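K.L.:
Take numbering that gives the first Met the number 0: the last position of the sequence shown gets the number 512, and nothing is skipped along the way.
Ideal placement from N, C-alpha and C gives every residue a C-beta, glycine not left out.
Note that this is a predicted model, so its numbers are computed, not measured.
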Amino acid sequence: MSMKLLRQLGLDNDDRVVLEPVGDETPEKGIVLSMNPATGTPIAGVRLDTADSDEKTMAEAVAGFDRWRRIPAPVRGQVVREIGNEYRKYLEPLGELVALEVGKIRAEGIGEVQETVDIADFAVGLSRQLYGKTMPSERPEHRMYEQWLPLGPIGVISAFNFPNAVWGWNAMLGAVCGDVTVWKPSLFAPLTAIATNAIAERVAADMGYKDIFKLVIGTDEEIGDRLIHDGRIPLISATGSCRMGRIVGSVVAKRLGRCLLELGGNNAIIVEGDADLDLAFEGIFFGAVGTAGQRCTSTRRLIAHESIVEPLTDRLVSAYGKVNIGDPLNPDTLVGPLINERSVEQFLRAIAKAKEQGGEVLVGGDRATGDGLGGHFVQPTIIRVPADKPFPIAHEETFAPILYIFSYKTIDEAIAMQNDADQGLSSAIFTSGVRAAEKFLSPAGAGSDCGLAYVNLGTSGAEIGGAFGGEKDTGGGRESGSDSWKQYMRRQTVTINYGESMRLAQGIEFGAS
Ligand code: UN1
């Protein structure tokens, strides 16, 4: 299966990929093994960049940018259109590679590549809509407007859990904006990165445009560190942990570069007493169990009204008990593995702490074992939070399928509980009433403090058309739709005097006579 996929995606012909012999856990120096998290065995080796090859890539990116920015934006859009069409052709194999390499189920792997196709479509339209404003000048015979200009080669640092789409958001928008992307993918998903980048690079090169999509593969300490310090890269867009974001943010701020940070989330769903519980159940189930809880948008806390918390909990516990855990490429599977053993340990540690703090494990709580579960599998877990007792573990983002259930009496109390998290990425409410929904969405900003707010939908699964990102420890960045494109360009305010006299703004007289 895996060899066939690698061939289909041309990875057997890529200089970076080492197919045979893959060896075991001790690869030769300079090679990272891409592991299948469902089996714990290697898929292939990937050569890491060296300081020299990294510098060569950077120089190519700088030169590529100088050519690409001169191509009219709508023509750049045509290139992105062809790239999007090529991803359409590779939707299934690329989605399966995502599933193989990071363990999300096939449907979600394909969904992820679809997200890249969608943002490519969005970017094509945008390529004719990079609008600047015109504004009336206060002076006669003057004209003012703003124009948006290409920014430069941009650095994209992506996490393992969205090894294709998060790059897509940045690279497709960046490309129509006239930028070149230098991508440093997660070392847990290098094959997906190579295959994804190669498709874009090949299509662009066939149309006569080289060095628009660049890839550097290496550790955070070496390759990542060089990228964030590099003054030739005016924007770093980074997705990952809050810890990583703090390092990236401070390094880039020090050189006065721009940062776009999309970090963790500790997302909650509020369920009101009047909610449609069938809808709520489905939203919670996908949000908390989907992607084995490894989305930054995964639902980690359920805040349910005391009148419905019991039946809702019972229904969830029963569904959790029956969920199919296993091979992500098997169509019957709903929950694949965690990415590695470290994640399993973090899952187990969180459960132990939850118990110490008075939490009650209602279902799950352990590794998932049995036939075909040789990799890093865990049981989706529900924990009832003790009433009137601090429960600090619920403040930590454990990248695993653990759902903490809280109950509440009033909507104000529920909103305060939902906001009581360090991060502010995604939030949701299920209700049939306009009052609770509008309080949650309060135009005074007194409702949800997150970047994403859903009504009668779960916390994960955003469409590409909106701006994606969040507040507080989530980092404040916005990617993908709406006007996120502006971050990939620089704004220039233009003032033209077409008259014959010099007039100063604010009416200042500065005449020699
Ligand atoms: C992420 O987990 O880093 O909203 C991104 C969602 C997806 C993106 C998740 N569209 O769940």
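Given the structure, does A461 come close to the ligand UN1, in the sense that its CB is under 7 Å from one of the ligand's heavy atoms?
P.N.:
Yes.
K.L.:
Which partner residues of Q422 appear in the DSSP bridge assignment?
P.N.:
For Q422, which the question treats as bridged, DSSP gives the partners K471.
K.L.:
Could you check the C-alpha separation between A452 and T40 for me, to the nearest Å?
P.N.:
Computed Cα separation, rounded: 39 Å.
K.L.:
Shorter than 7 Å, the distance from the beta carbon of F161 to the closest heavy atom of the ligand UN1, or not?
P.N.:
Correct: F161 has its Cβ closer than 7 Å to the ligand UN1.
K.L.:
Would you kindly check if the distance between the Cβ of S236 and the Cβ of E478 is under 8 Å?
P.N.:
In contact: E478 and S236 (Cβ atoms closer than 8 Å).
K.L.:
Look up C516 in the DSSP assignment and say whether it is helix, strand or coil.
P.N.:
Nothing in the structure corresponds to residue 516, since the chain is present only between 0 and 512.
K.L.:
DSSP on V377, reduced to helix/strand/coil?
P.N.:
Correct three-state label for V377: strand.
K.L.:
Quick one, which of Q417, D331 and L260 has its alpha-carbon nearest H304's?
P.N.:
Nearest option by C-alpha distance: Q417.
K.L.:
Measure from the alpha carbon of I307 to the alpha carbon of each residue in T332, V175 and F280, then state which is nearest.
P.N.:
Residue F280 is the option with its Cα nearest to I307.
K.L.:
Which ranges would you report for the beta strand (DSSP E) in the segment 393-461 if only whole runs of at least 3 residues count?
P.N.:
List check, beta strand (DSSP E) in window: 401-407, 425-429 and 451-454.
K.L.:
Using a Cβ-Cβ cutoff of less than 8 Å, which residues in the same chain neighbour G465 once the five nearest sequence positions on both sides are dropped?
P.N.:
These residues qualify, in order along the chain: L451, S479, G480 and S481.
K.L.:
Could you say which of I153, H228, P152 and M206 lies nearest to V79 if we only look at CA atoms?
P.N.:
Residue M206 is the option with its Cα nearest to V79.
K.L.:
On a Cα-Cα basis, can you pick out the residue from I338, E81, T312 and I410 that is closest to T537?
P.N.:
Any question about residue 537 goes unanswered here, given that the chain covers just 0 to 512.
K.L.:
Report the three-state DSSP secondary structure of V390 (helix, strand or coil).
P.N.:
Contrary to the premise, residue 390 reads as Phe rather than Val in this sequence. In the structure shown, F390 sits in coil (DSSP, three-state: anything other than H, G, I, E or B).
K.L.:
Run the proximity test for C449: is its beta-carbon closer than 7 Å to any non-hydrogen atom belonging to the ligand UN1?
P.N.:
Flag unset: Cβ of C449 not near the ligand UN1.
K.L.:
Among residues of its own chain, excluding the 5 on either side of R138, which ones have a beta-carbon nearer than 6 Å to its beta-carbon?
P.N.:
Same-chain partners within the cutoff: R502.
K.L.:
Kindly provide the ranges of any alpha helix (DSSP H) runs that are 4 or more residues long and lie completely inside the segment 171-259, ordered along the chain.
P.N.:
Those alpha helix (DSSP H) runs which fall completely within the segment 171-259 and span 4+ residues are 189-205, 224-228 and 241-253.
K.L.:
To the nearest whole angstrom, what separates the beta carbons of I153 and D178, a pair I think is in contact under 8 Å?
P.N.:
Their Cβ separation, rounded to whole angstroms, is 5 Å, which keeps I153 and D178 in contact under 8 Å.
K.L.:
With a cut-off of 8 Å on the beta carbons, I'd call N329 and T298 a contact; round off their distance for me.
P.N.:
That pair is no contact at about 24 Å.
K.L.:
Under the assumption that A197 contacts P162 (Cβ atoms under 8 Å), give the Cβ distance between them as a whole number of angstroms.
P.N.:
That belief does not hold up - the Cβ atoms of A197 and P162 are roughly 14 Å apart, past 8 Å.
K.L.:
How long is the line joining the alpha carbons of R294 and L99, rounded to whole angstroms?
P.N.:
Cα to Cα, R294 sits roughly 17 Å from L99.
K.L.:
Roughly how many angstroms lie between the CA atoms of T56 and D48, to the nearest whole one?
P.N.:
Spanning the two alpha carbons is a distance of roughly 10 Å.
K.L.:
Does the beta-carbon of V493, which I'm using as the reference point, lie nearer than 7 Å to any heavy atom of the ligand UN1?
P.N.:
No, the beta carbon of V493 sits no closer than 7 Å to any heavy atom of the ligand UN1.
K.L.:
Contact between the segment 404-412 and the segment 248-262 is defined here as three or more beta-carbon pairs at a separation below 8 Å; is this criterion met?
P.N.:
Judged by Cβ distances under 8 Å, the segment 404-412 makes no contact with the segment 248-262, as fewer than three pairs qualify.
K.L.:
How far does the alpha helix (DSSP H) with N266 in it extend, from its first residue to its last?
P.N.:
No alpha helix (DSSP H) holds N266; the beta strand (DSSP E) holding it covers N266 to V270.
K.L.:
Tell me the residue span of the alpha helix (DSSP H) that contains N84.
P.N.:
Element bounds for N84: A72 to K88.
K.L.:
In the DSSP assignment, find the beta strand (DSSP E) that holds E107 and state where it starts and stops.
P.N.:
Segment R105 to L125 is the alpha helix (DSSP H) holding E107; no beta strand (DSSP E) there.
K.L.:
Quick check on this structure: which residue in R225, M243 and I104 has the alpha carbon closest to the alpha carbon of S52?
P.N.:
Considering only alpha carbons, the answer is R225.
K.L.:
Pull up the DSSP beta-bridge partners for T40, would you.
P.N.:
In the DSSP output, where bridge partners are listed per residue, T40 has N35.
K.L.:
How big is the Cα-Cα spacing for Q77 and I227?
P.N.:
So the two alpha carbons sit approximately 30 Å from each other.
K.L.:
Exposed or buried, I232, counting other C-beta atoms within 10 Å across all chains shown (16 or more means buried)?
P.N.:
With 16 or more other Cβ atoms within 10 Å, it is buried.
K.L.:
At which residue ranges does the segment 289-355 contain complete alpha helix (DSSP H) runs of 4 or more residues, listed in the order of the chain?
P.N.:
Whole alpha helix (DSSP H) segments, 4+ residues: 308-321 and 340-355.
K.L.:
Report yes if the C-beta distance between K209 and V181 is below 8 Å; otherwise report no.
P.N.:
Their beta carbons are not under 8 Å apart, which means K209 does not touch V181 by this criterion.
K.L.:
Can you tell which of Q491, I507 and I495 has the C-alpha that lies nearest to the C-alpha of E145?
P.N.:
Closest option to E145, Cα to Cα, is Q491.
K.L.:
Against chain B, with Cβ distances strictly below 8 Å, would M416 count as a contact?
P.N.:
In the structure shown, chain B does not exist; there is a single protein chain.
K.L.:
Within this structure, are the beta carbons of G292 and P442 separated by less than 8 Å?
P.N.:
Cβ distance not < 8 Å, so G292 and P442 don't count as in contact.
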